[in-house]
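2 protein chains.
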Amino acid sequence: MEALKQTSFPKVDGREQRSKESRSRILKAATSIFAEKGPEGARVDEIADAAGINKRMIYHYFGSKENLYVEVLRHNYNKIYTLSKNAIDFADDPRVNVARAIRAYFYYLAENEAHVRLTSWEALCGGRCAGKLFPKFFDLIELEFDDIIKDGIERGFIRPDIDIRQVILSVHALCLVYFTRQEVVQSLWHEDMFSEEMLEACLEHILKLVFDGIFS
Amino acid sequence: MEALKQTSFPKVDGREQRSKESRSRILKAATSIFAEKGPEGARVDEIADAAGINKRMIYHYFGSKENLYVEVLRHNYNKIYTLSKNAIDFADDPRVNVARAIRAYFYYLAENEAHVRLTSWEALCGGRCAGKLFPKFFDLIELEFDDIIKDGIERGFIRPDIDIRQVILSVHALCLVYFTRQEVVQSLWHEDMFSEEMLEACLEHILKLVFDGIFS
DNA sequence: AAAGTAAGTAACTGGTTAGTTACCTATATT
DNA sequence: AATATAGGTAACTAACCAGTTACTTACTTT
Chain B
0 MEALKQTSFP
10 KVDGREQRSK
20 ESRSRILKAA
30 TSIFAEKGPE
40 GARVDEIADA
50 AGINKRMIYH
60 YFGSKENLYV
70 EVLRHNYNKI
80 YTLSKNAIDF
90 ADDPRVNVAR
100 AIRAYFYYLA
110 ENEAHVRLTS
120 WEALCGGRCA
130 GKLFPKFFDL
140 IELEFDDIIK
150 DGIERGFIRP
160 DIDIRQVILS
170 VHALCLVYFT
180 RQEVVQSLWH
190 EDMFSEEMLE
200 ACLEHILKLV
210 FDGIFS
Chain W
0 MEALKQTSFP
10 KVDGREQRSK
20 ESRSRILKAA
30 TSIFAEKGPE
40 GARVDEIADA
50 AGINKRMIYH
60 YFGSKENLYV
70 EVLRHNYNKI
80 YTLSKNAIDF
90 ADDPRVNVAR
100 AIRAYFYYLA
110 ENEAHVRLTS
120 WEALCGGRCA
130 GKLFPKFFDL
140 IELEFDDIIK
150 DGIERGFIRP
160 DIDIRQVILS
170 VHALCLVYFT
180 RQEVVQSLWH
190 EDMFSEEMLE
200 ACLEHILKLV
210 FDGIFS
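Residue numbers (numbering that gives the first Met the number 0), protein chains in the order written: chain B, 0 to 215; chain W, 0 to 215.
The following block contains the structure:
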């Protein structure tokens with residue numbers, strides 16, 4: 000490997016590689032610590048420790064704590080944006096489409112605590128970024144659902160008086176609440192949640208509610 | 000008024016009165032600043048300024064920032080606890096009961112931003128208090144709804160396979176989301192929300208969803 | 001192999017903040 | 001009127017934290 004010293008093939012463990020690794024270690028550590036403590040509570044020293052690098056390097060790669068935070072958010076929004084872009088896949092029955100979309104979102108939240116917490120901090124700390132820098136996400140969701148739901152209304156599956164934006168917000172709320180309001184979940188169930196069966200039961204409840212309501 | 004110097008009638012503007020007023024001014028200022036900035040972001044000096052008293056007095060009346068925060072939370076939970084205790088009022092139609100309960104909760108949230116934000120901070124900062132100190136609230140709600148919904152099931156208005164806890168959580172989620180996720184609301188509606196008509200439209204959507212779902 | 005450059009370190013700085021101290025003032029009791 | 005006590009103030013302190021400086025190490029290029 001010492002033979003590969005041409006310009007186009009830098010040493011495998013060379014500066015460039017280490018640099019990239021440092022940058023991504025910082026971003027990973029920052030994601031978990033910003034998610035845990037929020038943009039105010041997170042400490043630059045703690046992020047540096049968790050990333051196993053010197054604090055100076057955070058300023059070298061990201062300029063400031065604020066900038067690092069924005070980068071963490073961008074990463075986070077890109078992830079779900081890409082995911083939902085690729086999730087579009089039309090089936091015949093609009094019920095199947097809606098159910099699949101809800102299921103995908105619900106399990107994404109269940110498996111990405113950092114996403115849930117980062118957006119929650121953003122919501123509380125005045126949406127310093129989310130709303131302004133990454134507004135595309137809900138535009139996409141709206142467009143996506145628009146197609147599915149208009150198709151459903153045309154074919155008589157969905158009530159024509161429905162407001163798509165309300166539906167999106169409601170589904171958002173119904174999925175999110177299990178992960179953002181764990182004190183409430185705890186105080187209602189008095190036991191540990193989030194086994195595979197429990198999650199599936201919650202999702203099923205959401206689907207039943209969206210499809211039929213609670214009244215018979 | 001200077002004549003009323005007996006033991007049982009202290010001077011109107013005496014120490015006791017001023018003391019009580021100071022205490023409640025601190026509590027009021029603390030509520031609004033803790034709600035705005037959270038338990039970490041709130042500054043004791045800022046609370047003192049807002050209350051128009053010296054910082055020393057906060058330590059005199061409440062001992063510590065943490066203690067003051069707990070007191071603010073206790074106050075907040077007592078308020079809604081008392082409110083929902085008094086809201087029980089059986090009508091014949093379980094639909095009327097459920098609709099009234101949802102309406103009351105929705106408008107309580109709309110009119111009490113501090114409550115919405117305080118519980119949101121609590122949810123994120125690890126429920127240092129809410130879950131442990133004030134678990135009675137959801138027990139009460141559960142008991143209350145339990146009656147209403149069992150009555151509804153017996154009389155064939157409500158689907159018998161429904162889990163009451165899931166219903167409570169869903170209603171909680173559906174009402175809360177308008178006030179906790181304003182970036183999402185903004186990015187869906189692109190306009191200022193929360194006029195009287197808009198609020199009523201949102202509530203109507205929630206009721207329709209709970210009563211019938213979105214499918215026809 | 002020498003020079004240049006980027007990665008990395010440790011120790012520091014200036015500003016902020018929870019909590020304290022020493023002191024003053026007004027009210028209530030004797 | 002004298003004394004005790006609770007309400008109130010300003011200035012301080014010890015800890016903490018974002019960001020910086022001056023320096024060292026190691027890789028890459030010539």
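For glycine and all other residues, C-beta sits at the position ideal for the given N, C-alpha and C.
Under 8 Å by beta carbon: chain W residues contacting Ile32/B: Looking up residue 32/B in the first sequence gives position 33. By Cβ distance, chain W contributes nothing, its closest Cβ being about 14 Å from Ile32/B, past 8 Å.
Euclidean distance between Cα positions of Ser21/B and Lys27/B: The residue labelled residue 21/B in the question sits at position 22 within the first sequence. The residue labelled residue 27/B in the question sits at position 28 within the first sequence. Straight-line spacing of the CA atoms in Ser21/B and Lys27/B works out to 10 Å.
Under 9 Å between C-beta atoms of Asp92/B and Phe144/B: Looking up residue 92/B in the first sequence gives position 93. Looking up residue 144/B in the first sequence gives position 145. It is not a contact, given that the beta carbons lie outside the stated cut-off.
Beta carbon proximity, Gly62/W to chain B, threshold 9 Å: As a working mapping, residue 62/W is identified with position 63 in the second sequence. No - not a single Cβ of chain B is within 9 Å of the one on Gly62/W.
Backbone secondary structure at Ile157/B - three-state DSSP: As a first step, residue 157/B is located in the first sequence; it is residue number 158 there, counting from the start. DSSP places Ile157/B within a strand segment (E or B) once states are collapsed to three.
Where Ser119/W falls: helix, strand or coil (DSSP): By one-based count along the second sequence, residue 119/W stands at place 120. It is helical.
Residue from Pro159/W, Gln165/W, Ser23/W with nearest C-alpha to Phe141/W: For the purposes of this step, residue 141/W is taken as the residue at position 142 of the second sequence. Before going on, a small fix: residue 141/W reads as Glu here, not Phe. Among Pro159/W, Gln165/W, Ser23/W, the Cα nearest to that of Glu141/W is on Gln165/W.
Length of the line joining the Cα atoms of Lys36/B and Pro159/W: On the first sequence, position 37 is the one that residue 36/B refers to. On the second sequence, position 160 is the one that residue 159/W refers to. Approximately 42 Å, taken between the alpha carbons.
Nearest neighbour of Ser63/W, chosen from Val43/W, Ile79/W, Ile52/W [CA to CA]: Within the second sequence, residue 63/W is the residue found at index 64, counting from 1. It is Val43/W.
Residue burial classification, Ala200/W (beta-carbon count within 10 angstroms, cutoff 16): Position 201 of the second sequence, counting from 1, holds the residue named residue 200/W. Under this definition Ala200/W is an exposed residue.
For His171/B and Val115/W, believed in contact at Cβ under 8 Å, the rounded distance: As a first step, residue 115/W is located in the second sequence; it is residue number 116 there, counting from the start. As a first step, residue 171/B is located in the first sequence; it is residue number 172 there, counting from the start. Not really, about 16 Å apart at Cβ, beyond 8 Å.
Chain W contact for Ser119/B (CB, 9 Å cutoff): Position 120 of the first sequence, counted from the start, is the residue given in the question as residue 119/B. The beta carbon of Ser119/B falls within 9 Å of a beta carbon belonging to chain W, placing the residue at that interface.
Boundaries of the alpha helix (DSSP H) in which Phe193/W is found, first to last residue: Residue mapping note: residue 193/W aligns to position 194 of the second sequence, counting from 1. No alpha helix (DSSP H) contains Phe193/W, which DSSP labels as neither H nor E.
Cross-chain neighbours of Ile167/B in chain W, by beta carbon under 7 Å: Residue 167/B sits at position 168 when you count from the first residue of the first sequence. Here the neighbours are Leu187.
Test item: CB-CB of Ile147/B and Asn85/B under 9 Å: Numbered from 1 along the first sequence, position 148 holds the residue referred to as residue 147/B. Numbered from 1 along the first sequence, position 86 holds the residue referred to as residue 85/B. For Ile147/B and Asn85/B, no; Cβs fall outside 9 Å.
Nonlocal neighbours in the same chain, by C-beta distance under 6 Å from Ile152/B, ignoring five residues either side: Within the first sequence, the letter at position 153 stands for residue 152/B. The residues are Pro159.
Per-residue contacts from Asp44/W into chain B (C-beta, under 7 Å): As a position in the second sequence, residue 44/W is number 45, starting the count at 1. The premise fails here: Asp44/W is roughly 16 Å from chain B at the closest Cβ pair, so nothing lies under 7 Å.
Proximal chain B residues relative to His204/W, where beta-carbon distance stays under 9 Å: Reading the second sequence from its first residue, position 205 is the one you call residue 204/W. Under a criterion of Cβ atoms nearer than 9 Å, the residues of chain B adjacent to His204/W are, in order, Ile161, Asp162, Gln165, Val166, Leu168, Ser169.
Min CB distance Val209/W to chain B below 9 Å: Residue numbering aside, residue 209/W sits at position 210 when the second sequence is read from its first letter. It does: the Cβ of Val209/W has a partner Cβ on chain B nearer than 9 Å.
Test item: CB-CB of Tyr60/W and Ile101/W under 9 Å: By one-based count along the second sequence, residue 60/W stands at place 61. By one-based count along the second sequence, residue 101/W stands at place 102. No Cβ-Cβ contact shorter than 9 Å links Tyr60/W with Ile101/W.
Chain-ordered neighbours of Ile213/B on chain W, where CB pairs are closer than 7 Å: The residue given as residue 213/B occupies position 214 in the first sequence. Identification of chain W residues near Ile213/B by a Cβ-Cβ cut-off of 7 Å yields Ile157, Arg158, Ile161, Val166, Val209, ordered along the chain.
Per-residue contacts from Val69/B into chain W (C-beta, under 8 Å): Residue mapping note: residue 69/B aligns to position 70 of the first sequence, counting from 1. Result: empty, since nearest Cβ-Cβ is about 15 Å, beyond 8 Å.
Beta-carbon separation (whole angstroms), Glu67/W vs Ala113/W, contact threshold 8 Å: Translated into the one-based positions of the second sequence, residue 67/W becomes position 68. Translated into the one-based positions of the second sequence, residue 113/W becomes position 114. The displayed chain sequence assigns Leu, not Glu, to residue 67/W. About 15 Å; that fails the 8 Å criterion.
Inter-residue Cα distance where the pair is Leu3/B and His74/B: Reading the first sequence from its first residue, position 4 is the one you call residue 3/B. Reading the first sequence from its first residue, position 75 is the one you call residue 74/B. For Leu3/B, the predicted structure reports a pLDDT of 31, less than 50, and the residue's modelled location is therefore unreliable. The matter cannot be settled from this model.
DSSP state of Ser63/B mapped onto helix, strand, coil: As a working mapping, residue 63/B is identified with position 64 in the first sequence. Here Ser63/B sits in coil by DSSP.
Own chain, CB closer than 8 Å to Tyr107/B, minus 5 neighbours either side, in chain order: Position 108 of the first sequence, counting from 1, holds the residue named residue 107/B. If you ignore the 5 residues before and after Tyr107/B, its C-beta comes within less than 8 Å of the C-beta of Ile79, Leu82, His114, all in its own chain and listed in chain order.
Length of the line joining the Cα atoms of Ala41/W and Arg154/B: In the second sequence, residue 41/W corresponds to position 42, counting from 1. In the first sequence, residue 154/B corresponds to position 155, counting from 1. So the two alpha carbons sit approximately 53 Å from each other.
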